[in-house]
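Quick notes on the structure that follows.
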Amino acid sequence: MIDILNDNDLPEYERPNKSKLKREAQASLKLAKDLVELNASVWKSLSLPDELIEELHHLKDMPQFGAKKRQLKLVAKLLRQVDVSGAERAVADAVKQHADVNAAFHKVEYWRDRLLSGQRDDLTEFLKLYPDANAQQMNQLLRNAKQEILTGKSAKYSKLLFKLLREITTEA
Numbered sequence: 006m007i008d009i010l011n012d013n014d015l016p017e018y019e020r021p022n023k024s025k026l027k028r029e030a031q032a033s034l035k036l037a038k039d040l041v042e043l044n045a046s047v048w049k050s051l052s053l054p055d056e057l058i059e060e061l062h063h064l065k066d067m068p069q070f071g072a073k074k075r076q077l078k079l080v081a082k083l084l085r086q087v088d089v090s091g092a093e094r095a096v097a098d099a100v101k102q103h104a105d106v107n108a109a110f111h112k113v114e115y116w117r118d119r120l121l122s123g124q125r126d127d128l129t130e131f132l133k134l135y136p137d138a139n140a141q142q143m144n145q146l147l148r149n150a151k152q153e154i155l156t157g158k159s160a161k162y163s164k165l166l167f168k169l170l171r172e173i174t175t176e177a
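Going by our numbering, the first residue of the sequence shown is number 6, and it counts up by one from there.
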């Protein structure tokens, strides 16, 4: 809202940009959804007002029906009234952490699948990348896991191989 003077030196009212207001409302609604996905203990550290934290608790406890949608809009409205820079950083950190965990998991899956279906050169390459890995233990688990696959038994050794690969890749 800006006051500008017209030809008669009287203040003239300029209305706010509706598109901008809608974008801000949608951003606060998305932030509200993201905050609900975070752990409730994080909310206190964000220096949000007590009323907002209480409404977030109510929202988190609600079943997935119309009341939840109304509550989400209320939380978004309350978010528009406070500084949310800390909350936005917390959500961004949580998203990054989730992406890092996913990437590490896919890396382990990639190596397990490659080692089980590949040649001996793949194991050599893995041991070059991770020199602290126990080659004898890796060979034994690979041999047993490949035997499991051929005989159609349960994937006990394949799971053990996955756990070992996860330990090796996270230590490096």
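Positions of the beta carbon are idealized from the N, C-alpha and C atoms, including for glycine. Given the structure is predicted, the values throughout are model-derived calculations rather than measurements.
1. Give the straight-line distance between the Cα atoms of G91 and H62, rounded to the nearest whole angstrom.
2. Under 6 Å Cβ to Cβ from V96, same chain only, skipping five residues before and after it: list those, please.
3. Helix or strand or just coil, what does DSSP make of Y135?
4. Which runs of the alpha helix (DSSP H), 4 residues or longer, sit entirely within the region 60–113?
5. Grab me the residues of D127's own chain with a C-beta within less than 8 Å of its C-beta, minus the 5 sequence neighbours each way, in chain order.
6. Can you name, in chain order, every residue of its own chain whose Cβ lies under 8 Å from the Cβ of L83, other than the five neighbours on each side?
7. For Y162, which beta-bridge partners are listed by DSSP?
8. Give every residue of the same chain whose Cβ lies closer than 7 Å to the Cβ of L165, excluding the five residues on either side of it in the sequence, and list them in chain order.
9. Just checking, does the region 29–44 make contact with the region 73–82 on the three C-beta pairs under 8 Å criterion?
Quick answer:
1. 18 Å
2. D39
3. coil
4. 71–85
5. R119 and L120
6. P54, E56, L57 and E60
7. According to DSSP, which records beta bridges pairwise, Y162 is partnered with nothing at all.
8. L146
9. yes
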